[in-house]
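For the record, the sequence lines run as chains A, B and C. If you're matching positions, the first sequence starts at 7 in this note's numbering and goes up one per residue. If you're matching positions, the second sequence starts at 530 in this note's numbering and goes up one per residue. If you're matching positions, the third sequence starts at 237 in this note's numbering and goes up one per residue. Yeah, the Cβ is synthetic: ideal placement off N, Cα and C, and Gly gets one too.
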Amino acid sequence: MAAFLARRLAQGIIVVALVATIVFLLIHAAPGDPFSASLENPAITESVRETWRREYGLDRPLGEQYVRYVQNVFRGNLGFSFSLQRPVVDVIGDTLPNTLLLMSVGLIGAFGLGIGTAIVQVRKRGRRVDRLLGSLSLTLFSVPDFWLALLILVGFAYWIPIFPIGGATDAVMYDMLGPAGKLADRAKHLVLPALTLALLYYPLIARHQRAALLEVLPEGYISTARAKGVGENAVITRHALRNALLPVITLLGVAFPALLTGAVFIEKVFSWPGMGLVIINSIHSRDYPLLMAAVLMGSVFVIAGSLLADVLYRAIDPRMRDEF
Amino acid sequence: MSEPLLSVENLRTWFHTPAGVAKSVDGVSFDIRAGETLGIVGESGCGKSVTALSLLRLIQPPGRIEAGSRIVFEGKDLVTIDEAGMRAVRGNRIAMIFQEPMSALNPVFTVGDQVAEVARVHGNGSRGDAWERAVEMLTLTGIPSPGERAKQYPHQLSGGMRQRVLIAMALMMNPAMIIADEPTTALDVTIQAQILELLTDLKQRLGTAILMITHDLGVIAETAERVLVMYGGEIVEEADVRTLFDDAHHPYTEGLMYAMPHITESRERLNVIPGTVPPPTAWPSGCRFRDRCRYSWERCESEHPPLYQIGAGHTSRCHLAEEPGRRAHPHLPLVEQTGAAL
Amino acid sequence: MNSDTPVTRAVFAFGSRQWRRNDRSAAFAGALLLAIAIPCLLASFVAPYDPTAQPDIIGLQSRPPSLSHPLGTDPYSRDVLSRLLYGGRLSLSVALVATIVSITLGTAYGAVAGYARGLTSSVLERVLDALLSIPRLLLLIAIFAAWRDIPVSGFVMILGATGWYGVARLVRGQVLALRNQDFIAAATALGATRLRIFTRHVLPNIVTPVVVAATLGIGHVIVLEAGLSWLGIGVRPPTASWGNMIQDGSDQIASHWWISLFPGLAIVLTVMAFNVLGDALLKALSPRRPVIE
């Protein structure tokens, strides 16, 4: 296991380095620079802009900028955000946990709904429930994330005002609440965005899980279980599922980046203070360091996700445990 | 004669597919007495496995046990009782051992867990009790170091041991009957002998009835007391094992016997029964074996033979029972004459 | 167990019954797609109004659906239905062209990477891995934030240029798999060029998965373009696209729901149709994928 992890980690680092390079090239190939936005402000003269450029090293040759950039990345210095006037690392430090929280809850919801749906579909295969759930999955799979988020927001925060309109905590009341109250407030704010994420991504999981279960059902040990007197529900949830979970675990590798992308729009609609919201808000200010860091982080997520999936896969299947 | 343990009356299990209705089991009736070993022998496709699955109502859609079938066991008709009642029978009063020990065990659970599961499903004892009994059964089936083996996974055991595990599983609740579906087909010959010996031994000790399903006449010879020969979804001959080997009546049984290689004979080629089993969606009219039979005549095409009584406890589904003289005039079977395929 | 027992035969036949249901949903999806695409393509003939026309700026601002404006009007007093049709034409064309670009780039890269050896092969593979690990949306956001005023053609190219990695991996895999087979060596010995071998032997094998990937991919691109337009970095107003139409209605969605609802529904139906079609293709062509030699 250790050797495997080490190898994958090394591969991951190479990939991250490549991504950093690609991102750097792309951003710096664009016309203009971060300060072009300030062209509109007459108070900021050209000389001021020149000073800024020199300060942020933007007047240096591209090669030198690149080297400095890579050095900085591996030192943990992701630059300075112009639009927010803070080190990028700080911005990430503040907002990433929120995104991770949202993503994790969304992920749990998606897997829960997905596996649950698949089980029901397989238990009642061929019947109307199966087809209905299938159609529901298909519809949700085809829905644009931001649109669903809007609908859910309107539905459950405006028309039926059960949940708060946005944010992670109540702007006014939060500081005055006790610890239990704080937790409840956070939870309330988390419901709608996490629900949206879960609804958007469970169809993919449900489809894979259903296919995996159906593939497992003709196996000999399923007949054995039935012949032992095991009820059909237990046959599916105990005997079939354990064997059918394996392919779904690898979905974690896909789920990470997918949820990250989904979180971007959802954070915007629900004003959730995560990285996605920051990125969107910095679009118009051309905050290169922030944008580059965002893409880099995204890649790290993807690689981490697939690594996690691989590790889990090996851990769960007893047949593979012996191959270390 | 005392009440039979299990009584099957006119069992018909049909598969309703878009390609047609496959009548895999088409009117099978037999009894099993307590403690007896009944063998069912036949080629692949004759319906013997489907019969076994039907007894435990393990047939999945599009297969269905047709109305008019009755399976009477311990005073209940297994065809009509509710699912809960059926589950109480499976693994508890009637147990089944499947063919491929490779795939019959769940790879992600320990062997002990799977054997103990039978007790957990049927009994109301604790997990500990179930595990203890599981180890007991593993010991009974001759597995060395059963306590340790129980904690292992199926892929860590050999084929023979896995089959023993399946037998232990079947014995957990001390069932009145065990259905063994080709229990030795996937095993080496030497292991085969061990397993058969084990089954016979257990049966003597515990008095369990065994329904032994196989295509191998050697297995029949070793274990069965009475035999049913199946072909085309029907029983074509029923006799006790001695009579079957000495005095087979039905041409199909004859063919099977003749096809068995004998170690004392020197033969250049194996004898085969020409042709193959027709598809269950289209059983031929009249006698289903007629195209492959050396004795068939016109009557065999027009009239579906019933089970004629040949002797005590010996029946045969062949018109030769009424016209034995025809046996003196064998001919080339129709499949070979017209080159009719299948 | 003998695989030719009635049990397995029955199960197999049951599988083919599913195929018929598959056929029906594919036909339905195809019909739905045509029902959406054709009016959109003929928008200039079918649309009741000009999509950017503002005939009555005050009086027609954000009006709910009515007889004269079946889908209502937006905050800029434009007819939603007309914008929906023109927007559809744009969104669908963008998605189509971008997908074609992706497939072409992906096939080319995959072929080159597949035939490469040694260090080149490793490098190409690693670069592909790196590209595959970048979340497409984030990359696009970064690019379009940096590049401001891109014409629609550039937008489409960039969309296409970020979607070819999956196809490339597919093609590379196929090329690698077939490269070492004997019949390739035989063909080469007979004087066939690598290009000829590629087109005659490799291409037929990748057509199926690539077509399936493309069909499902169009749906993704539609949603992606919509998202980018909604953020303001895709198709710029006043040109209509389903995405920026939703943006127009986002602020007042609680009260003026129709402005954002209909473009969203259009996206859902279109993407669903593509997904069903892609699935049907997958099921129809997968189980016995012939390796054409």
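Status (buried if at least 16 other CB within 10 Å, exposed otherwise) for residue i
| i | result |
| --- | --- |
| B:His-778 | buried |
| A:Glu-273 | buried |
| B:Val-516 | Outside the displayed span of chain B (530 to 871) sits residue 516 of chain B, for which this structure offers no information. |
| C:Asn-480 | buried |
| B:Tyr-787 | exposed |
| B:Thr-782 | buried |
| C:Leu-320 | buried |
| C:Leu-278 | exposed |
| C:Thr-451 | buried |
| C:Leu-303 | exposed |
Neighbour flag for residue i against chain C, beta carbons, 8 angstroms
| i | result |
| --- | --- |
| A:Trp-165 | yes |
| A:Met-298 | yes |
| A:Trp-153 | yes |
| A:Ile-228 | no |
| A:Ser-148 | yes |
| A:Gly-304 | yes |
Below-8 angstroms beta-carbon distance, residue i vs any chain B residue
| i | result |
| --- | --- |
| A:Thr-256 | no |
| A:Phe-330 | Legend: pLDDT at A:Phe-330 = 37, less than 50; position of this residue unreliable, no value from coordinates given. |
| A:Glu-221 | no |
| A:Tyr-319 | no |
| A:Glu-273 | no |
| A:Asn-249 | yes |
| A:Lys-130 | no |
CB contact below 8 angstroms: residue i versus chain A
| i | result |
| --- | --- |
| C:Val-446 | no |
| C:Pro-473 | no |
| C:Trp-494 | no |
| C:Asp-286 | no |
| B:Pro-636 | yes |
| B:Pro-533 | no |
| C:Val-507 | yes |
| C:Leu-374 | yes |
| B:Ser-523 | There is no way to answer for residue 523 of chain B, as the model of chain B reaches only from 530 to 871. |
| B:Ala-870 | With a pLDDT of 49 at B:Ala-870, under the threshold of 50, the modelled position of that residue is not reliable, and no figure is offered here. |
| C:Leu-467 | yes |
| B:Phe-544 | no |
Integer-rounded CB distance, given that residue j should sit under 8 angstroms from residue i
| i | j | result |
| --- | --- | --- |
| A:Gln-127 | A:Arg-244 | Contact doesn't hold; Cβ gap of about 17 angstroms is too wide. |
| B:His-684 | B:Thr-772 | Not confirmed; about 44 angstroms, so no contact. |
| B:Ser-558 | B:Val-537 | 6 angstroms |
| C:Ile-489 | A:Val-160 | 5 angstroms |
| B:Leu-943 | B:Arg-562 | The question about residue 943 of chain B has no answer here: the residues shown for chain B are numbered 530 through 871. |
| C:Thr-309 | C:Leu-296 | 5 angstroms |
| B:Ala-715 | B:Gly-688 | 7 angstroms |
For residue i, three-class secondary structure by DSSP
| i | result |
| --- | --- |
| C:Ile-500 | With the sequence shown as reference, residue 500 of chain C is identified as Gly, and Ile is not the correct amino acid for it. Helix, per DSSP. |
| C:Thr-475 | coil |
| C:Gly-463 | helix |
| B:Thr-639 | coil |
| C:Val-527 | Here C:Val-527 scores only 31 on pLDDT, less than 50, and its place in the model should not be relied on; the value that follows carries that caveat. Coil, per DSSP. |
| A:Val-270 | helix |
| B:Lys-552 | strand |
| B:Trp-812 | coil |
| A:Val-236 | coil |
| B:Thr-542 | strand |
| C:Leu-373 | helix |
| B:Gln-866 | helix |
| B:Phe-627 | coil |
| C:Leu-314 | Per the sequence shown, the amino acid found at residue 314 of chain C is Arg instead of Leu. Coil. |
| C:Leu-513 | helix |
| C:Lys-519 | helix |
| B:Phe-602 | strand |
- What are the complete alpha helix (DSSP H) segments, minimum 4 residues, inside the segment 677-739 of chain B? 688-700 and 718-735
- Item | Continuous alpha helix (DSSP H) assignments of at least 4 residues falling wholly in the segment 730-792 of chain B | 746-752, 770-776 and 780-788
- Query: What runs of the alpha helix (DSSP H), each 4 residues or longer, lie entirely inside the segment 383-437 of chain C?
  - Reply: 388-397, 401-415, 418-425 and 430-433
- Task: Let me know the alpha helix (DSSP H) ranges lying completely inside the segment 54-122 of chain A, each 4 residues or longer, listed in chain order.
- Result: 68-81
- Query: At what residue ranges does the segment 548-597 of chain B contain a whole run of the alpha helix (DSSP H), taking only runs of 4 or more?
  - Reply: 577-584
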